[in-house]
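Structure first, commentary second.
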Amino acid sequence: MTVQTPTVQAPTVQTPTVRTPSFAQSMWLVAEREIGSKVRSKAFLISFGILFVLALAGVIWAGTTANDEATTPVAVTSDSASYLSGMPGVDVTTVADQAAAEALVKDGTVDAAVIADGAPPLGFSVIVDSDVPNTLLMTLSQTPNVVVLDPANATNWIGYIAAIGFGIVFLFAAQTFGATIAQSVVEEKQTRVVELLISAIPVRALLAGKVLGNTVLAMAQIVILAAIAVVGLTVTGQTEFLQGIGGPIAWFSVFFLFGFVLLAALFAAAAAMVSRQEDIGSTTTPLMFLILGPYFLVIFFWNNPTVLTIMSYVPFSAPVGMPTRLFLGQAQWWEPVVSLAILLVSCVAAILVGAKIYENSILRMGARVKLGEALSSR
54 MTVQTPTVQA
64 PTVQTPTVRT
74 PSFAQSMWLV
84 AEREIGSKVR
94 SKAFLISFGI
104 LFVLALAGVI
114 WAGTTANDEA
124 TTPVAVTSDS
134 ASYLSGMPGV
144 DVTTVADQAA
154 AEALVKDGTV
164 DAAVIADGAP
174 PLGFSVIVDS
184 DVPNTLLMTL
194 SQTPNVVVLD
204 PANATNWIGY
214 IAAIGFGIVF
224 LFAAQTFGAT
234 IAQSVVEEKQ
244 TRVVELLISA
254 IPVRALLAGK
264 VLGNTVLAMA
274 QIVILAAIAV
284 VGLTVTGQTE
294 FLQGIGGPIA
304 WFSVFFLFGF
314 VLLAALFAAA
324 AAMVSRQEDI
334 GSTTTPLMFL
344 ILGPYFLVIF
354 FWNNPTVLTI
364 MSYVPFSAPV
374 GMPTRLFLGQ
384 AQWWEPVVSL
394 AILLVSCVAA
404 ILVGAKIYEN
414 SILRMGARVK
424 LGEALSSR
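Given below as C-alpha coordinates:
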(Lines of atoms letter the chains of each structure in order from A and count residues from 1; the text may use other names and numbers.)
(Lines give C-alpha, C1' and ligand atoms only; values in the text may rest on other atoms or scores of the structure.)
Protein backbone atom coordinates (compact mmCIF):
# COMPACT_ATOMS: atom_id res chain seq x y z
CA MET A 1 0.00 0.00 0.00
CA THR A 2 1.41 3.33 -1.10
CA VAL A 3 1.26 6.27 1.32
CA GLN A 4 1.21 9.69 -0.41
CA THR A 5 2.93 12.49 1.39
CA PRO A 6 1.01 15.74 1.13
CA THR A 7 2.83 18.48 -0.74
CA VAL A 8 3.52 21.54 1.37
CA GLN A 9 3.84 24.77 -0.58
CA ALA A 10 6.39 27.25 0.66
CA PRO A 11 4.87 30.60 1.59
CA THR A 12 5.25 33.27 -1.04
CA VAL A 13 7.53 36.08 0.13
CA GLN A 14 6.61 39.41 -1.42
CA THR A 15 9.49 41.77 -1.99
CA PRO A 16 8.56 45.25 -0.78
CA THR A 17 8.36 47.78 -3.57
CA VAL A 18 10.94 50.53 -3.17
CA ARG A 19 9.64 53.80 -4.61
CA THR A 20 12.27 56.05 -6.06
CA PRO A 21 11.69 59.67 -4.97
CA SER A 22 10.75 62.07 -7.73
CA PHE A 23 13.02 64.89 -8.83
CA ALA A 24 11.05 67.41 -6.78
CA GLN A 25 11.11 65.18 -3.68
CA SER A 26 14.85 64.60 -4.04
CA MET A 27 15.47 68.31 -4.46
CA TRP A 28 13.44 69.18 -1.36
CA LEU A 29 15.20 66.52 0.74
CA VAL A 30 18.54 68.09 -0.11
CA ALA A 31 17.14 71.58 0.54
CA GLU A 32 15.88 70.51 3.97
CA ARG A 33 19.32 69.10 4.77
CA GLU A 34 21.00 72.35 3.77
CA ILE A 35 18.56 74.49 5.78
CA GLY A 36 18.78 72.26 8.86
CA SER A 37 22.57 72.19 8.93
CA LYS A 38 22.74 75.98 8.60
CA VAL A 39 20.12 76.73 11.24
CA ARG A 40 21.94 74.49 13.71
CA SER A 41 25.22 76.30 13.09
CA LYS A 42 26.18 78.64 15.95
CA ALA A 43 28.40 80.69 13.62
CA PHE A 44 25.45 81.37 11.31
CA LEU A 45 23.12 82.32 14.15
CA ILE A 46 25.69 84.64 15.73
CA SER A 47 26.52 86.39 12.44
CA PHE A 48 22.85 86.89 11.64
CA GLY A 49 22.22 88.17 15.16
CA ILE A 50 24.94 90.78 14.70
CA LEU A 51 23.48 91.82 11.34
CA PHE A 52 20.01 92.03 12.90
CA VAL A 53 21.21 94.31 15.70
CA LEU A 54 23.19 96.55 13.33
CA ALA A 55 20.23 96.88 10.95
CA LEU A 56 17.84 97.72 13.79
CA ALA A 57 20.25 100.26 15.28
CA GLY A 58 20.84 101.84 11.87
CA VAL A 59 17.11 102.24 11.15
CA ILE A 60 16.41 103.72 14.58
CA TRP A 61 19.37 106.11 14.27
CA ALA A 62 18.28 107.22 10.81
CA GLY A 63 14.71 107.73 11.97
CA THR A 64 15.76 109.66 15.05
CA THR A 65 18.12 111.88 13.05
CA ALA A 66 15.40 112.56 10.51
CA ASN A 67 12.96 113.49 13.29
CA ASP A 68 15.47 115.95 14.68
CA GLU A 69 15.52 117.62 11.26
CA ALA A 70 11.84 117.11 10.49
CA THR A 71 11.05 120.78 9.85
CA THR A 72 12.26 122.00 6.47
CA PRO A 73 12.55 125.80 6.02
CA VAL A 74 11.13 126.73 2.61
CA ALA A 75 10.80 130.08 0.84
CA VAL A 76 7.68 130.73 -1.25
CA THR A 77 6.16 133.60 -3.21
CA SER A 78 2.53 134.65 -3.05
CA ASP A 79 1.86 132.59 -6.21
CA SER A 80 3.31 129.35 -4.77
CA ALA A 81 2.29 129.58 -1.10
CA SER A 82 -0.88 127.57 -1.78
CA TYR A 83 1.17 124.51 -2.86
CA LEU A 84 2.50 124.12 0.70
CA SER A 85 -0.66 125.16 2.55
CA GLY A 86 -1.28 122.86 5.51
CA MET A 87 1.74 120.67 4.75
CA PRO A 88 3.32 119.26 7.94
CA GLY A 89 7.04 119.57 8.62
CA VAL A 90 7.52 122.73 6.53
CA ASP A 91 8.49 126.18 7.87
CA VAL A 92 7.29 128.64 5.22
CA THR A 93 8.90 132.04 4.59
CA THR A 94 7.07 134.29 2.10
CA VAL A 95 9.22 136.52 -0.15
CA ALA A 96 8.50 139.03 -2.89
CA ASP A 97 9.77 137.19 -5.95
CA GLN A 98 11.90 134.32 -7.28
CA ALA A 99 15.14 136.31 -7.00
CA ALA A 100 14.56 136.88 -3.29
CA ALA A 101 13.76 133.22 -2.80
CA GLU A 102 16.95 132.14 -4.57
CA ALA A 103 18.96 134.55 -2.40
CA LEU A 104 17.64 132.89 0.77
CA VAL A 105 18.50 129.47 -0.67
CA LYS A 106 22.05 130.52 -1.53
CA ASP A 107 22.82 132.04 1.89
CA GLY A 108 21.41 129.01 3.72
CA THR A 109 18.47 130.74 5.38
CA VAL A 110 16.11 128.15 3.85
CA ASP A 111 16.76 124.66 2.48
CA ALA A 112 14.62 125.14 -0.63
CA ALA A 113 12.30 127.49 -2.46
CA VAL A 114 9.01 126.63 -4.18
CA ILE A 115 8.29 128.80 -7.22
CA ALA A 116 5.18 128.73 -9.43
CA ASP A 117 6.43 128.54 -13.03
CA GLY A 118 4.07 126.17 -14.84
CA ALA A 119 6.72 123.42 -15.00
CA PRO A 120 5.34 119.88 -15.37
CA PRO A 121 4.03 117.83 -13.73
CA LEU A 122 2.71 120.04 -10.89
CA GLY A 123 3.07 123.60 -12.18
CA PHE A 124 5.84 124.58 -9.78
CA SER A 125 9.54 123.89 -9.20
CA VAL A 126 11.64 123.29 -6.11
CA ILE A 127 14.86 125.33 -6.11
CA VAL A 128 17.80 124.15 -3.97
CA ASP A 129 21.41 125.20 -3.62
CA SER A 130 23.13 121.80 -3.86
CA ASP A 131 21.41 119.15 -1.72
CA VAL A 132 17.79 118.23 -2.34
CA PRO A 133 15.73 117.93 0.90
CA ASN A 134 14.28 114.45 0.42
CA THR A 135 11.81 114.96 3.28
CA LEU A 136 10.16 117.79 1.35
CA LEU A 137 10.00 115.82 -1.90
CA MET A 138 8.55 112.75 -0.20
CA THR A 139 5.89 114.88 1.50
CA LEU A 140 4.63 116.11 -1.87
CA SER A 141 2.11 113.85 -3.61
CA GLN A 142 4.22 113.83 -6.79
CA THR A 143 7.87 114.58 -7.47
CA PRO A 144 8.14 118.13 -8.84
CA ASN A 145 10.72 119.63 -11.15
CA VAL A 146 13.92 120.36 -9.17
CA VAL A 147 16.35 123.18 -10.02
CA VAL A 148 19.82 122.88 -8.44
CA LEU A 149 21.72 126.15 -8.26
CA ASP A 150 25.10 124.58 -7.35
CA PRO A 151 25.07 120.95 -8.59
CA ALA A 152 28.86 120.58 -8.16
CA ASN A 153 28.51 120.55 -4.37
CA ALA A 154 25.47 118.26 -4.19
CA THR A 155 25.77 115.31 -1.78
CA ASN A 156 22.28 113.82 -1.14
CA TRP A 157 23.37 111.81 1.89
CA ILE A 158 20.04 110.01 2.19
CA GLY A 159 20.50 108.63 -1.31
CA TYR A 160 24.05 107.64 -0.45
CA ILE A 161 22.94 105.80 2.68
CA ALA A 162 20.21 103.97 0.76
CA ALA A 163 22.67 102.94 -1.96
CA ILE A 164 25.19 101.68 0.60
CA GLY A 165 22.40 99.80 2.40
CA PHE A 166 21.42 97.88 -0.74
CA GLY A 167 25.09 97.17 -1.48
CA ILE A 168 25.90 95.88 2.01
CA VAL A 169 22.87 93.57 2.19
CA PHE A 170 23.62 92.10 -1.24
CA LEU A 171 27.32 91.69 -0.42
CA PHE A 172 26.77 90.08 2.98
CA ALA A 173 24.04 87.63 1.92
CA ALA A 174 25.58 86.60 -1.41
CA GLN A 175 29.07 86.20 0.05
CA THR A 176 27.89 84.28 3.12
CA PHE A 177 25.63 81.79 1.38
CA GLY A 178 27.81 81.52 -1.72
CA ALA A 179 30.72 80.43 0.46
CA THR A 180 28.42 78.03 2.33
CA ILE A 181 27.37 76.31 -0.90
CA ALA A 182 30.97 76.00 -2.04
CA GLN A 183 32.15 74.51 1.25
CA SER A 184 29.24 72.06 1.34
CA VAL A 185 29.95 70.80 -2.18
CA VAL A 186 33.67 70.28 -1.53
CA GLU A 187 33.05 68.65 1.87
CA GLU A 188 30.67 66.10 0.36
CA LYS A 189 33.09 65.45 -2.47
CA GLN A 190 36.13 65.13 -0.19
CA THR A 191 34.39 62.69 2.20
CA ARG A 192 32.86 60.68 -0.69
CA VAL A 193 29.38 61.34 0.68
CA VAL A 194 28.40 62.68 -2.72
CA GLU A 195 28.82 59.20 -4.21
CA LEU A 196 26.15 57.86 -1.84
CA LEU A 197 23.87 60.79 -2.54
CA ILE A 198 24.14 60.44 -6.31
CA SER A 199 23.38 56.72 -6.07
CA ALA A 200 20.01 57.65 -4.57
CA ILE A 201 19.06 60.89 -6.33
CA PRO A 202 19.88 62.54 -9.66
CA VAL A 203 22.91 64.82 -9.82
CA ARG A 204 20.82 67.79 -10.92
CA ALA A 205 18.42 67.24 -8.02
CA LEU A 206 21.39 67.46 -5.65
CA LEU A 207 22.52 70.73 -7.23
CA ALA A 208 18.98 72.14 -7.32
CA GLY A 209 18.42 71.23 -3.67
CA LYS A 210 21.57 73.03 -2.56
CA VAL A 211 20.60 76.14 -4.50
CA LEU A 212 17.01 76.03 -3.23
CA GLY A 213 17.96 75.52 0.42
CA ASN A 214 20.41 78.38 0.51
CA THR A 215 18.07 80.61 -1.49
CA VAL A 216 15.34 80.05 1.10
CA LEU A 217 17.75 81.04 3.88
CA ALA A 218 19.02 84.09 2.01
CA MET A 219 15.52 85.31 1.16
CA ALA A 220 14.39 84.76 4.76
CA GLN A 221 17.24 87.02 5.82
CA ILE A 222 16.21 89.67 3.28
CA VAL A 223 12.56 89.53 4.39
CA ILE A 224 13.55 89.90 8.05
CA LEU A 225 15.78 92.89 7.27
CA ALA A 226 12.99 94.48 5.21
CA ALA A 227 10.60 93.97 8.11
CA ILE A 228 13.10 95.64 10.45
CA ALA A 229 13.26 98.64 8.12
CA VAL A 230 9.47 98.92 7.87
CA VAL A 231 8.87 98.58 11.62
CA GLY A 232 11.77 100.87 12.54
CA LEU A 233 10.68 103.66 10.18
CA THR A 234 7.06 103.32 11.30
CA VAL A 235 7.96 103.50 15.00
CA THR A 236 10.16 106.56 14.47
CA GLY A 237 7.42 108.29 12.49
CA GLN A 238 9.17 108.27 9.12
CA THR A 239 6.08 107.37 7.10
CA GLU A 240 7.00 109.68 4.21
CA PHE A 241 10.45 108.16 3.94
CA LEU A 242 8.92 104.68 4.19
CA GLN A 243 6.64 105.47 1.27
CA GLY A 244 9.66 106.56 -0.75
CA ILE A 245 11.83 103.54 0.13
CA GLY A 246 9.07 100.89 0.11
CA GLY A 247 9.00 100.42 -3.67
CA PRO A 248 12.81 100.15 -4.05
CA ILE A 249 12.94 97.60 -1.19
CA ALA A 250 10.28 95.46 -2.88
CA TRP A 251 12.16 95.59 -6.18
CA PHE A 252 15.42 94.81 -4.39
CA SER A 253 13.88 91.64 -2.93
CA VAL A 254 12.76 90.46 -6.38
CA PHE A 255 16.10 91.25 -8.02
CA PHE A 256 18.01 89.67 -5.15
CA LEU A 257 16.04 86.42 -5.46
CA PHE A 258 17.03 85.76 -9.06
CA GLY A 259 20.48 87.30 -8.70
CA PHE A 260 21.23 84.97 -5.81
CA VAL A 261 20.01 81.89 -7.72
CA LEU A 262 22.35 82.88 -10.54
CA LEU A 263 25.33 83.20 -8.19
CA ALA A 264 24.44 80.09 -6.16
CA ALA A 265 24.43 77.88 -9.26
CA LEU A 266 27.82 79.23 -10.30
CA PHE A 267 29.29 78.81 -6.80
CA ALA A 268 28.20 75.16 -6.66
CA ALA A 269 29.63 74.52 -10.11
CA ALA A 270 32.93 76.24 -9.30
CA ALA A 271 33.32 74.26 -6.07
CA ALA A 272 32.65 70.95 -7.85
CA MET A 273 35.81 71.50 -9.91
CA VAL A 274 38.11 71.00 -6.87
CA SER A 275 38.47 68.20 -4.31
CA ARG A 276 39.93 70.01 -1.28
CA GLN A 277 38.75 72.86 0.90
CA GLU A 278 42.11 74.58 0.41
CA ASP A 279 41.49 74.84 -3.33
CA ILE A 280 38.05 76.49 -3.22
CA GLY A 281 39.51 79.96 -3.67
CA SER A 282 41.11 79.04 -6.98
CA THR A 283 37.72 78.60 -8.68
CA THR A 284 35.44 80.88 -6.64
CA THR A 285 37.62 84.02 -6.60
CA PRO A 286 36.21 85.32 -9.92
CA LEU A 287 32.72 84.95 -8.49
CA MET A 288 33.73 86.90 -5.38
CA PHE A 289 34.72 89.81 -7.62
CA LEU A 290 31.24 89.69 -9.16
CA ILE A 291 29.82 90.14 -5.66
CA LEU A 292 32.30 92.79 -4.50
CA GLY A 293 32.05 94.75 -7.75
CA PRO A 294 28.52 96.16 -7.24
CA TYR A 295 29.33 97.11 -3.65
CA PHE A 296 32.40 99.17 -4.55
CA LEU A 297 30.80 100.63 -7.66
CA VAL A 298 27.86 101.93 -5.65
CA ILE A 299 30.28 103.42 -3.08
CA PHE A 300 32.35 105.33 -5.62
CA PHE A 301 29.73 106.09 -8.31
CA TRP A 302 26.40 106.23 -6.43
CA ASN A 303 25.96 109.84 -7.60
CA ASN A 304 26.91 109.09 -11.22
CA PRO A 305 23.73 108.44 -13.26
CA THR A 306 25.65 106.90 -16.18
CA VAL A 307 27.42 104.29 -14.06
CA LEU A 308 24.26 103.49 -12.10
CA THR A 309 22.32 103.04 -15.34
CA ILE A 310 24.89 100.53 -16.63
CA MET A 311 24.88 98.75 -13.26
CA SER A 312 21.09 98.46 -13.32
CA TYR A 313 21.17 96.38 -16.51
CA VAL A 314 24.19 94.14 -15.83
CA PRO A 315 22.82 90.91 -14.21
CA PHE A 316 25.39 90.72 -11.38
CA SER A 317 24.94 94.36 -10.30
CA ALA A 318 21.26 94.89 -11.15
CA PRO A 319 20.08 93.88 -7.62
CA VAL A 320 21.97 96.93 -6.30
CA GLY A 321 21.92 99.33 -9.24
CA MET A 322 18.21 99.27 -10.14
CA PRO A 323 16.77 99.73 -6.61
CA THR A 324 19.22 102.59 -6.05
CA ARG A 325 18.10 104.31 -9.24
CA LEU A 326 14.45 103.79 -8.27
CA PHE A 327 15.06 105.40 -4.89
CA LEU A 328 16.88 108.34 -6.46
CA GLY A 329 14.08 108.78 -9.00
CA GLN A 330 16.33 108.16 -11.99
CA ALA A 331 14.52 105.15 -13.51
CA GLN A 332 11.39 105.10 -15.66
CA TRP A 333 8.61 102.64 -14.77
CA TRP A 334 9.56 100.21 -17.56
CA GLU A 335 13.28 100.03 -16.77
CA PRO A 336 13.09 97.59 -13.82
CA VAL A 337 10.88 95.31 -15.93
CA VAL A 338 13.43 95.20 -18.75
CA SER A 339 16.32 94.76 -16.32
CA LEU A 340 14.49 91.91 -14.56
CA ALA A 341 13.87 90.18 -17.91
CA ILE A 342 17.61 90.36 -18.68
CA LEU A 343 18.37 88.95 -15.22
CA LEU A 344 15.92 86.06 -15.71
CA VAL A 345 17.50 85.07 -19.03
CA SER A 346 20.95 85.26 -17.45
CA CYS A 347 19.73 83.19 -14.50
CA VAL A 348 18.49 80.40 -16.77
CA ALA A 349 21.76 80.43 -18.72
CA ALA A 350 23.81 80.28 -15.48
CA ILE A 351 21.76 77.34 -14.19
CA LEU A 352 22.26 75.39 -17.43
CA VAL A 353 26.01 76.06 -17.52
CA GLY A 354 26.40 75.44 -13.79
CA ALA A 355 24.52 72.14 -13.99
CA LYS A 356 26.76 70.92 -16.82
CA ILE A 357 29.95 71.84 -14.94
CA TYR A 358 28.61 70.25 -11.76
CA GLU A 359 27.65 66.98 -13.46
CA ASN A 360 30.98 66.64 -15.24
CA SER A 361 33.11 67.51 -12.20
CA ILE A 362 31.43 66.28 -9.01
CA LEU A 363 32.81 62.71 -9.18
CA ARG A 364 36.29 63.61 -10.41
CA MET A 365 38.85 63.49 -7.62
CA GLY A 366 42.42 64.71 -7.47
CA ALA A 367 43.65 67.69 -9.44
CA ARG A 368 41.45 70.66 -10.24
CA VAL A 369 39.16 70.08 -13.20
CA LYS A 370 39.81 72.53 -16.01
CA LEU A 371 36.91 74.65 -17.14
CA GLY A 372 37.11 73.35 -20.72
CA GLU A 373 36.90 69.75 -19.50
CA ALA A 374 34.03 70.56 -17.17
CA LEU A 375 32.04 72.11 -20.01
CA SER A 376 32.78 69.34 -22.52
CA SER A 377 30.34 66.50 -23.02
CA ARG A 378 31.24 63.13 -21.59
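Residue numbers for the sequence shown follow the working numbering, beginning at 54 and rising by one. Cβ atoms here follow ideal geometry from the backbone N, Cα and C, with glycine treated the same way.
For I88, the enclosing alpha helix (DSSP H) starts and ends at 76 to 92. Scanning V239, F223, P255 for the CA closest to the CA of V314 turns up F223. Closest in alpha carbon position to G407, among G176, I395, L340, is L340. Close CB contacts of T229 within its chain, under the 6 Å cut and outside five residues either way in sequence, are absent.
Secondary structure note for V145: its beta strand (DSSP E) is the uninterrupted segment 143 to 147. Secondary structure of I234 (DSSP, three-state): helix. Taking every protein chain shown into account, the CB of P389 has 16 or more other CB atoms within 10 angstroms, so this residue is buried.
Comparing alpha-carbon positions, the option among G285, A156, R329, S237 lying closest to A84 turns out to be S237. Secondary structure in the stretch 305 to 370: no beta strand (DSSP E) run of 3 residues or longer lies completely within the stretch. A straight-line Cα-Cα distance of about 15 Å links M326 and T244. For A128, the uninterrupted beta strand (DSSP E) segment begins and ends at 125 to 129. One alpha carbon belongs to V246, the other to I410, and they sit about 19 Å apart.
At a Cβ-Cβ threshold of 8 Å, L157 and V145 do not count as neighbours.
By the Cβ neighbour-count rule, D182 is buried, with 16 or more other Cβ atoms within 10 Å of its own. In the three-state reduction of the DSSP assignment, S178 falls in the strand class, which pools E and B.
According to the DSSP assignment, I415 belongs to no beta strand (DSSP E), since it is labelled neither H nor E. Sequence-distant Cβ neighbours of A166 in its own chain, meaning closer than 6 Å and more than five residues away, are A128, A154, V158, I180. In this model, L319 and L428 are separated by some 13 Å (Cα to Cα). Cβ neighbours of F369 within its own chain (closer than 6 Å, five residues either side excluded): L343.
The three-state reading of DSSP puts A166 in strand, counting E and B together. For T287, the enclosing alpha helix (DSSP H) starts and ends at 256 to 288. If you draw a straight line from the Cα of V92 to the Cα of L405, it comes to about 29 Å.
Relative to the Cα of I234, the nearest Cα in the group I251, I214, L260 belongs to L260.
A straight line joining the alpha-carbon of A216 with that of W114 spans about 17 Å. Each of V163, P197, S133, Y348 was checked against the Cα of G218, and the nearest Cα belongs to Y348. In its chain, beyond the 5 residues on either side, T125, V127, L137 have a beta carbon closer than 6 Å to the beta carbon of V143.
Note that the C-beta distance between L278 and A108 is below 8 Å.
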